[in-house]
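**Student:** Okay, so the sequence shown: first residue is 0 according to numbering that gives the first Met the number 0, each after it adds one. Right, I'll just put the structure down here and ask away after.
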Amino acid sequence: MMEREIAHFKNESAQKSAQQFMELRNKVRNERDNSKEIWLDIKTVVILTGDPRRTIQDRCKKKCYKTRKVKKVGGTAYQIALSSLPPEAQVVWVNQNPEKARTLPEYIRNRLSSQAQWEITRLMSPKESVGLEMFIKENLKKRLATKIKAIQKALSCPAGTKKSEWIRQVASEFGISHKTLYRDLKIYREKGLAGLVNPREKKGLVAWDKEAIEFMQGVYLKAVRECGQVSKRRAYQAVIAWE
0 MMEREIAHFK
10 NESAQKSAQQ
20 FMELRNKVRN
30 ERDNSKEIWL
40 DIKTVVILTG
50 DPRRTIQDRC
60 KKKCYKTRKV
70 KKVGGTAYQI
80 ALSSLPPEAQ
90 VVWVNQNPEK
100 ARTLPEYIRN
110 RLSSQAQWEI
120 TRLMSPKESV
130 GLEMFIKENL
140 KKRLATKIKA
150 IQKALSCPAG
160 TKKSEWIRQV
170 ASEFGISHKT
180 LYRDLKIYRE
190 KGLAGLVNPR
200 EKKGLVAWDK
210 EAIEFMQGVY
220 LKAVRECGQV
230 SKRRAYQAVI
240 AWE
């Protein structure tokens, strides 16, 4: 009888130990998983979604979002994972937090919707537009300044000098081929300064770094899986980089 009780006790202890181990393992996994999320309070989610606070709270209770409870003065409160919000709400968050969005680790970024990842790609890609807020890479600024000087001089052909000879002379002075100068003159006449800043409207490859290519591929494939919302051409344009 005693041996049977001892065996039962050992078996029961083993089961409890196994259960405790499983609970501890699940807790560690949850904590590790939670560390890969951006957690938002209900007030922030209300702003991002435009939905009433009560609606957000009801969705938390119904587990429509990925949530966790945190302690606060007077009790506990819900926090909601950004990745579980609708895509448009994620995009709003990215635009409201551009600096933070740019520096998100890849393991967090990959959890977001394709739309949010697309917006982050846009923020991270070099700007190639002309307007009141023109931000161009430093090397591009120098090249653009040289182009403009060459064009201005080429357009000021002295009287009595053949245009073709003048073009060749100016091109040689600025260390470029006469064909390049002719091309730049054509672009400038047709599209102005904006055309010189962003001349690549036709299809063709430009220099990409490895990270840009891999990021574009990830965004594109994720979008295709979700519902094909991003074309290859748009994904290419999002990470296009100047040589």
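The beta-carbon is built from N, C-alpha and C at its ideal position, and this holds for glycine as well. Just so you know, these numbers come straight off a predicted model, no measurement behind them.
T179 to S155, Cα distance in whole Å?
**Tutor:** Near 17 Å, if we compare the C-alpha coordinates of S155 and T179.
**Student:** Secondary structure at T75, three-state DSSP: helix, strand or coil?
**Tutor:** Looking at T75 - three-state DSSP - the assignment turns out to be strand.
**Student:** Excluding the 5 residues preceding and the 5 following R233 in the sequence, name in chain order all residues of the same chain whose CB lies nearer than 6 Å to its CB.
**Tutor:** The predicted position of R233 is uncertain, since its pLDDT is 47 and thus under 50; a value taken from the coordinates is nonetheless stated next. Counting only Cβ-Cβ distances below 6 Å, and skipping sequence neighbours, we find nothing.
**Student:** For the alpha helix (DSSP H) that D50 lies in, which residues bound it at each end?
**Tutor:** Element bounds for D50: n/a, residue is neither H nor E.
**Student:** What is the DSSP secondary structure of T66, reduced to helix, strand or coil?
**Tutor:** If DSSP states are grouped into helix, strand and coil, T66 belongs with the strands.
**Student:** Could you pull out every residue in the same chain whose Cβ sits closer than 8 Å to the Cβ of W165, ignoring the five residues on either side in sequence?
**Tutor:** Contacts found: A153, C156, P157.
**Student:** Would you report the Cα separation of S316 and K146, rounded to the nearest angstrom?
**Tutor:** The structure shown does not extend to residue 316, since the chain is modelled only from 0 through 242, so no value can be given for it.
**Student:** With 8 Å set as the bound, which would you pick, yes or no: does the beta-carbon of L84 sit closer than that to a beta-carbon of chain C?
**Tutor:** Protein chains in the displayed structure number just one, and chain C is not present.
**Student:** Examine the Cβ distances between the region 44–64 and the region 80–89 and report whether three or more of them are shorter than 8 Å.
**Tutor:** Contact between the region 44–64 and the region 80–89 is present, because at least three Cβ pairs lie under 8 Å.
**Student:** Taking 7 Å as the cut-off, is the CB of G49 close to at least one heavy atom of the ligand SAH?
**Tutor:** Looking for the ligand SAH in the displayed structure turns up nothing, as the structure carries no ligands at all.
**Student:** What does W38 pair with, by DSSP beta-bridge criteria?
**Tutor:** Answer is A80, bridged to W38.
**Student:** Do you know whose CA, among K161, V69, A149, K185, lies nearest G174's CA?
**Tutor:** The shortest Cα separation from G174 among K161, V69, A149, K185 belongs to A149.
**Student:** With a cut-off of 8 Å on the beta carbons, I'd call A76 and V93 a contact; round off their distance for me.
**Tutor:** Not a contact, Cβ separation roughly 24 Å.
**Student:** For V44, count neighbouring C-beta atoms within 10 Å of its own C-beta (all shown protein chains included) and say buried if the count is 16 or more, exposed if not.
**Tutor:** V44 should be labelled buried.
**Student:** Which residues bound the alpha helix (DSSP H) around S112?
**Tutor:** Per DSSP, S112 belongs to no alpha helix (DSSP H) and is neither H nor E.
**Student:** By alpha-carbon positions, which one of A100, Q78, Q151 ends up nearest to M123?
**Tutor:** Answer by Cα proximity: A100.
**Student:** What did DSSP end up calling K202 once you bin it into helix, strand or coil?
**Tutor:** Any reading at K202 needs caution, since the residue's pLDDT is 42, under 50, leaving its predicted position unreliable; the model's value is listed next. K202: coil per DSSP, three-state reduction.
**Student:** Pick helix, strand or coil for P86, following the three-state DSSP scheme.
**Tutor:** P86 falls in the helix class under three-state DSSP.
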